[in-house]
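A.B. asks:
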Amino acid sequence: MGVSDADVLWRRWLRQADSTASRGQAPPPIPDGLVWGGVPAFLRARVWLRCSGALRYVRLLPGYYDVTVTKARFSVSAQVASEVERDLHRTFPNHPHFSGQMSLGVRALRRVLLAFAHHNPEVGYCQALNYVCGLLLIANSFEEEPTFWLLACVVEQFTPDFYSKEMSGITTQQESFNRFVLAILPQLAAHIERVGMPLSFVTTNWFMTLFANCLPSETVMRIWDVLFFDGPLVLSLVGAALMKFGAKRLMTTSSLTDVAEQLTALGRDEWDADALLAAACFRGMDKQQRAVLAGMRRLNAEMMGAVRRSHSDMVNRLI
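First residue of the sequence shown? That's 1 in the UniProt record's numbering, and the numbers climb one at a time after it.
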């Protein structure tokens with residue numbers, strides 16, 4: 001198989017990222033088109049570790065994960081441990097590495113989730129993290145230490161307060177998503193409101209799992225490529241693109257049950273990652289729609305600025 005132009009550009013970016021990291025600097029920027037086009041699967045784990053900032057923790061805190069795994073055996077409450085155990089076997093049960101009590105994936109998932117519960121007791125364990133962690137394990141070939149640090153970056157920096165007790169981040173995400181859907185799909189939004197179906201009934205699961213149990217794994221990884229470079233705005237854009245794809249079916253619904261079933265089916269039916277990501281770019285919007293999206297982009301940019309500042313705070317807290 002030949003080497004594509006994208007492969008060459010991603011390899012070049014990795015070399016530059018390693019060079020800047022050696023000087024304690026942030027990774028270099030990369031063209032949006034390359035990010036939205038997807039990271040090559042064989043480079044994905046390396047790219048995610050660098051663009052998320054997780055590699056910095058791996059290098060600055062050697063041994064932290066192993067020590068945390070040991071401490072978690074004694075520090076994590078019986079309730080949290082029981083909640084983790086309950087969800088282990090619900091996580092990608094059709095994947096060969098998650099198919100049994102002693103399978104590689106189940107054992108790794110248990111250790112990483114319990115270690116994270118010790119590492120961040122304010123979050124502890126929240127249902128949905130099993131799917132996020134499980135897919136991170138798959139992307140990292142079941143290497144636990146990089147998966148642990150990627151999970152910490154996702155929860156603590158890229159999706160702030162999504163998994164807190166109050167889940168205030170999910171509330172903010174849902175409100176932003178609702179405004180965007182109203183702007184770009186006003187007829188559909190009005191129809192769903194008439195039926196009396198809160199979008200959050202289904203979309204909360206989309207956002208909390210970061211689509212990990214709603215879309216094919218390769219499609220989800222493409223979404224996460226964008227998440228790690230550009231932040232959580234992509235979640236709203238993909239959610240709205242799914243609704244746009246399913247608008248005709250959704251407009252025929254007449255009950256809460258119908259709407260819920262159709263919304264849930266949207267993810268199951270969407271296998272074309274290129275088409276979904278292209279639709280999520282939302283080109284050709286009118287002035288009002290562009291204004292709504294611009295507001296979302298401003299908030300996302302502010303959050304990503306906070307993410308970059310928080311890297312040093314996190315290291316200082318743990319050293």
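In this text, a Cβ means the ideal position worked out from N, Cα and C, and glycines have one as well.
Between Asp225, Thr253, Met303, Met285, which lies nearest to Trp48 when the distance is taken from Cα to Cα?
C.D. replies: Nearest C-alpha to Trp48: Asp225.
A.B. asks: Does DSSP put Trp271 in a helix, in a strand, or in coil?
C.D. replies: Note: Trp271 maps to coil in three-state DSSP.
A.B. asks: Decide if the segment 19–38 is in contact with the segment 192–210; the criterion is three or more beta carbon pairs, one per stretch, under 8 Å apart.
C.D. replies: Taking 8 Å as the limit for Cβ pairs, the verdict is that the segment 192–210 does not touch the segment 19–38.
A.B. asks: Which residues bound the alpha helix (DSSP H) around Ser22?
C.D. replies: Its alpha helix (DSSP H) spans residues 5–22.
A.B. asks: How would you write the range of the alpha helix (DSSP H) that Gly169 sits in, first residue to last?
C.D. replies: Here the alpha helix (DSSP H) through Gly169 covers 168–184.
A.B. asks: How many Å lie between Met1 and Ser75 at the Cα?
C.D. replies: In this prediction, Met1 scores a pLDDT of 44, lower than 50, which makes its location untrustworthy; the coordinate-derived value is nonetheless stated afterwards. Each residue's Cα considered, the two are about 49 Å apart.
A.B. asks: Quick one: Cα of Ala190 to Cα of Gln288, how far?
C.D. replies: Roughly 17 Å separates the two Cα atoms.
A.B. asks: Restricting to Cα atoms, I'd like to know which of Leu215, Ala279, Glu261, Cys214 is closest to Phe245.
C.D. replies: Looking at the Cα atoms, Ala279 is the closest of the given residues.
A.B. asks: Report the rounded CA-to-CA distance for Val39 versus Gly267, giving the unit in angstroms.
C.D. replies: Going by the C-alpha atoms only, they are around 21 Å apart.
A.B. asks: Determine the extent of the alpha helix (DSSP H) in which Gln79 is found, giving its start and end residues.
C.D. replies: 78–88 is the extent of the alpha helix (DSSP H) around Gln79.
A.B. asks: Classify Val80: buried if its beta carbon has 16 or more other beta carbons within 10 angstroms, exposed otherwise.
C.D. replies: That one is buried.
A.B. asks: What is the DSSP secondary structure of Gly38, reduced to helix, strand or coil?
C.D. replies: If DSSP states are grouped into helix, strand and coil, Gly38 belongs with coil.
A.B. asks: So, for His97: in the same chain, excluding its five sequence neighbours on each side, which residues have a beta-carbon less than 6 Å away from its beta-carbon?
C.D. replies: Ser103, Leu104, Gly105.
A.B. asks: Helix, strand or coil for Val307 per DSSP?
C.D. replies: DSSP places Val307 in helix when its eight states are reduced to three.
A.B. asks: Among Ala117, Glu175, Thr172, which has the Cα closest to the Cα of Glu85?
C.D. replies: When only C-alpha atoms are compared, the closest one is Ala117.
A.B. asks: Pairs of beta-carbons, one from the segment 211–221 and one from the segment 147–164, closer than 8 Å: are there three or more?
C.D. replies: Touching, no.
A.B. asks: Excluding five sequence neighbours on each side, which residues of the same chain lie with their C-beta closer than 7 Å to the C-beta of Tyr131?
C.D. replies: For Tyr131, where only same-chain residues beyond five positions count, the Cβ hits under 7 Å are Thr91, Thr209, Ala212, Asn213.
A.B. asks: Just the C-alpha distance for Asp274 and Ile223, rounded to the nearest angstrom, thanks.
C.D. replies: Taking the straight line joining both Cα atoms gives about 10 Å.
A.B. asks: So, at 8 Å on beta carbons, what are the nonlocal neighbours of Asn120 in its own chain, with the 5 sequence-adjacent residues on each side left out?
C.D. replies: Taken in chain order, the residues that qualify are Ala152, Val155, Glu156.
A.B. asks: Out of Pro186, Pro198, Gly231, Thr257, which one is the CA nearest neighbour of Asp286?
C.D. replies: Nearest C-alpha to Asp286: Pro186.
A.B. asks: Using a Cβ-Cβ cutoff of less than 6 Å, which residues in the same chain neighbour Met167 once the five nearest sequence positions on both sides are dropped?
C.D. replies: Result list for Met167: empty, nothing under 6 Å.
A.B. asks: On the three-pair Cβ rule with 8 Å, is the segment 287–303 touching the segment 247–258?
C.D. replies: Cβ pair count under 8 Å is below three, so no.
A.B. asks: Measure the Cβ-Cβ separation of Thr264 and Val220 and say whether it is below 8 Å.
C.D. replies: No, these two residues do not count as a Cβ contact at 8 Å.
A.B. asks: In angstroms, rounded to a whole number, what distance separates the CA positions of Pro146 and Cys281?
C.D. replies: Those two C-alpha atoms are separated by around 30 Å.
A.B. asks: Kindly list the residues whose CB is nearer than 7 Å to the CB of Asn178, restricted to its own chain and excluding five residues on each side of it in sequence; keep chain order.
C.D. replies: Leu199.
A.B. asks: Could you name the residues of the same chain whose beta carbon sits closer than 7 Å to that of residue 327, not counting the 5 residues immediately before and after it, in chain order?
C.D. replies: Past the boundaries of the shown model lies residue 327; the chain is included only from 1 to 319, so the question cannot be answered.
A.B. asks: Take Leu14 and list the residues in its own chain whose beta-carbon comes closer than 8 Å to its own, dropping the five residues that flank it on each side.
C.D. replies: So the qualifying residues of the chain are Leu43, Arg46, Val47, Arg50.
A.B. asks: If you run the structure through DSSP and keep just helix, strand and coil, what is Met1?
C.D. replies: Low per-residue confidence applies at Met1: pLDDT is 44, beneath 50, and the placement is therefore not dependable enough to give any value.
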